[in-house]
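Under the working numbering, think of the first position of the sequence shown as 436, with each following residue one higher.
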Amino acid sequence: MIEFRAFFNCKATGESLSGDAPSSVSTSGICDIARRVMREEGDFLGLVDSAGRVLQFRMEGYRTVWMETPVPGERASYGRSVLLLDLLDVLRGLPSSFELSRLGQLERHQW
């Protein structure tokens with residue numbers, strides 16, 4: 436079973452878990468968290484793999500989620516839009532590590 440550490444924030448419910456103290460969670464647990472906290476623009480879910488790489492999901496409007504992974508050494512993030520309808524499938528299909536080559540087609544955004 437794949438496990439990640441998760442952090443999140445939901446504006447509507449006030450439910451949050453700091454990125455400074457993420458909690459271990461399985462893939463099914465990630466889906467449960469996403470169902471609870473991904474509700475409105477600005478809500479987010481962050482995951483940390485075993486190598487410390489981060490993959491973040493942020494609500495943009497009510498139907499779109501921005502998925503990205505920051506690469507501090509490049510001062511950039513790589514990401515793509517995901518329909519909210521597809522988010523649980525994306526989460527279920529996550530690779531065990533968030534290497535760029537394993538995350539599909541991504542756009543580069545300089546900081």
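Each residue gets a CB set at the ideal place from its N, CA and C atoms; glycine is no exception.
Just so we're clear, the structure is a prediction, and the values are computed from it rather than from any experiment.
Subject >> DSSP bridge partner residues for M502 (one or two, in chain order) >> reply: F492, R515
Subject >> For V483, the residue or residues it bridges with in DSSP >> reply: R440, V489
**OP:** For the alpha helix (DSSP H) containing R510, list its first residue and its last residue.
**Re:** Looking at the DSSP string, R510 is not in any alpha helix (DSSP H), and its letter there is neither H nor E.
Original post:
For N444, which residues from the same chain have a beta carbon less than 6 Å from its beta carbon, with the 5 sequence-adjacent residues on both sides left out?
Top reply: S451, F479
**OP:** Using only alpha-carbon positions, find the residue among S461, D521, V500 that is nearest to P476.
**Re:** Here residue 476 turns out to be Glu, not Pro, going by the sequence shown. E476 has its Cα closest to that of V500, out of S461, D521, V500.
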